[in-house]
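Peer 1: Starting off with a structure, shown below.
2 protein chains.
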Amino acid sequence: MSLVIPEDDNRLRHVCADCGTVHYQNPKLVIGTIPWWQADQQVLLCKRAIEPRRGYWTLPAGFMENNETTEEAAQRETTEEAGARVELLGLFALLNVPHVHQVHLFYRARLLDLDFAAGTESLECRLFRESEIPWQDLAFPTVSHTLQRFFADLGALTEGQAVPLYTLDIRKRLQV
Amino acid sequence: MSLVIPEDDNRLRHVCADCGTVHYQNPKLVIGTIPWWQADQQVLLCKRAIEPRRGYWTLPAGFMENNETTEEAAQRETTEEAGARVELLGLFALLNVPHVHQVHLFYRARLLDLDFAAGTESLECRLFRESEIPWQDLAFPTVSHTLQRFFADLGALTEGQAVPLYTLDIRKRLQV
């Protein structure tokens, strides 16, 4: 594999020296949910069992896979990481993290029951009221920003008002 | 390169037989704009100079690259394909095309001037009123659906009303 600019291109690409196949590398989508239990005003978070940020809390989310839609990815990750069933309520946030080549999408979601359970990538899953959120122990800036905006918008959302898509570019590296 | 399920995974991945590196393949983002010239109620389209769908009309759009944000990708593609300068006005559409492993995003955009010019991937770029759109000669279903919804929402948008993000899953293969 060598790094060259293909003839009809203007960027360095990984090209197979044997067969000439260009292996494009493009940003990946990380997709998750904000699972909300309206009766007790609680959000479901997962404590990560894997690196990076093992032991820190996150919203259920992960890399979108081929052959699925963004909504299917959101549902799948919520089931895989938190064993939870949710009804999706629309896209809430789009966050760019260009230095790690990622775009994060978070959907609002209604928890359908409380029979959740930590999946293999989670040490623990539990419900948090806004006052209980472990802000200092959240895994990623995208999760902190999304939760902050979610609680700021909660009054409007509870009244059934539409809120604009939350968009943010995060350019700073995570301090670990 | 061989197709195996890595130890901590549940899907087939391309793994280098020599070094064990897992080459993940995930959906790609295709990002573009709806460049609008308000004075004459016209949208800017490009006739494709490359396959697939050479000779058909499209909104300026292309694959998001590493190290950029979704908005930067939208601006870059609009400049590369149509030589046009735009001000972005917010995300308008998110369309899933799971059978080709793509997610398409289109931003509303205000054309800043009429000094546009076809880029190397376009045969021609020109402005169209709604009644002039070549609906039978559009390159992709994502472009047709986005333009249809854009014109349906145009009244509300012109009055400054917020419209919900247009989302659609396109599961049928393109008939060519």
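For the protein sequence lines, the chains are A and B, in the order given.
For the first sequence, counting from 1, position 39 maps to 218 in my numbering; every step adds exactly one.
For the second sequence, counting from 1, position 16 maps to 195 in my numbering; every step adds exactly one.
Glycine is no exception: its CB is placed at the ideal position from the N, C-alpha and C atoms.
Using the three-state DSSP reduction, which class does H193 (chain A) fall into: helix, strand or coil?
Peer 2: strand
Peer 1: Using a Cβ cut-off of 7 Å, pull out every chain B residue sitting near D348 (chain A), in sequence order please.
Peer 2: T248
Peer 1: Count the other CB atoms within 10 Å of the CB of M180 (chain B); is the residue buried (16 or more) or exposed (fewer)?
Peer 2: exposed
Peer 1: Cβ atoms of Q254 (chain A) and R308 (chain A): under 7 Å apart, would you say?
Peer 2: no
Peer 1: Using three-state DSSP, classify R233 (chain B) as helix, strand or coil.
Peer 2: coil
Peer 1: So, at 6 Å on beta carbons, what are the nonlocal neighbours of A204 (chain A) in its own chain, with the 5 sequence-adjacent residues on each side left out?
Peer 2: Contrary to the premise, residue 204 (chain A) reads as Gln rather than Ala in this sequence. The same chain holds no residue with a CB closer than 6 Å to that of Q204 (chain A) once the five nearest residues on each side in sequence are set aside.
Peer 1: Note down the Cα distance separating H202 (chain B) from N245 (chain A), rounded to an integer number of angstroms.
Peer 2: 13 Å
Peer 1: Going along the chain, which residues of its own chain have a beta-carbon closer than 7 Å to the beta-carbon of N295 (chain A), five neighbours each way excluded?
Peer 2: Note that residue 295 (chain A) is Phe in the sequence shown here, rather than Asn. Cβ within range, chain order: L223, A261, G262, A263, C304.
Peer 1: Under 8 Å Cβ-Cβ, which residues of chain A neighbour Q204 (chain B)?
Peer 2: N245
Peer 1: Just to confirm, is the Cβ distance from A228 (chain B) to E338 (chain B) under 7 Å?
Peer 2: no
Peer 1: Going by C-alpha to C-alpha distance, which of B:Y286, B:L182, B:D188 sits closest to V194 (chain B)?
Peer 2: Checked all of B:Y286, B:L182, B:D188; the closest Cα to V194 (chain B) is B:L182.
Peer 1: Mind reading off the beta-carbon distance from G269 (chain B) to R289 (chain B)? Whole number of angstroms is fine, and I expect it under 8 Å.
Peer 2: About 11 Å; that fails the 8 Å criterion.
Peer 1: From what residue to what residue does the beta strand (DSSP E) around E186 (chain B) run?
Peer 2: From DSSP, E186 (chain B) is part of no beta strand (DSSP E); its letter is neither H nor E.
Peer 1: At which residues does the alpha helix (DSSP H) containing P320 (chain B) begin and terminate?
Peer 2: Element bounds for P320 (chain B): 320–337.
Peer 1: Can you list the residues of chain B that K207 (chain A) reaches, using a CB-CB cut of under 7 Å?
Peer 2: Under the 7 Å cutoff, chain B gives N205.
Peer 1: For T346 (chain B), which residues does DSSP report across the bridge?
Peer 2: Paired residue(s): B:L273.
Peer 1: For S301 (chain B), list the residues DSSP reports as bridge partners.
Peer 2: B:R227
Peer 1: Using DSSP's beta-bridge definition, name the partner residues of F307 (chain B).
Peer 2: B:V222
Peer 1: Assuming R255 (chain A) is part of the alpha helix (DSSP H), what are its boundary residues?
Peer 2: Membership of R255 (chain A) in the alpha helix (DSSP H) is indicated by the continuous run 249–261.
Peer 1: Out of A:F285, A:A335, A:R233, A:E256, which one is the CA nearest neighbour of I213 (chain A)?
Peer 2: A:F285
Peer 1: In the DSSP output, which residue or residues are listed as bridge partners for Y286 (chain A)?
Peer 2: A:T212, A:L270
Peer 1: Report yes or no: is there a C-beta of chain A within less than 7 Å of the C-beta of H324 (chain B)?
Peer 2: No, no contact with chain A.
Peer 1: Give me, in chain order, the residues of the same chain whose beta-carbon lies closer than 8 Å to that of M243 (chain B); leave out the 5 immediate sequence neighbours on both sides.
Peer 2: K207, L208, V209, I210, T249, A252
Peer 1: Since E256 (chain B) and P277 (chain A) are thought to touch, with beta carbons under 8 Å apart, how far apart are those beta carbons, to the nearest angstrom?
Peer 2: Rounded, the Cβ-Cβ distance is 16 Å, inconsistent with contact.
Peer 1: Between A:V342, A:L306, A:L273, which lies nearest to D348 (chain A) when the distance is taken from Cα to Cα?
Peer 2: A:L273
Peer 1: Exposed or buried, N189 (chain B), counting other C-beta atoms within 10 Å across all chains shown (16 or more means buried)?
Peer 2: exposed
Peer 1: Taking the DSSP output, what are the residues bridged to A240 (chain B)?
Peer 2: B:G211
Peer 1: Establish whether the CB of H280 (chain B) and some CB of chain A are separated by less than 7 Å.
Peer 2: When Cβ-Cβ separations below 7 Å define contact, H280 (chain B) makes contact with chain A.
Peer 1: Listing by chain order, which chain B residues have their CB less than 8 Å from the CB of L270 (chain A)?
Peer 2: L273, L344, T346
Peer 1: Note down, in chain order, every chain A residue with its Cβ under 8 Å from the Cβ of A341 (chain B).
Peer 2: A341, P343
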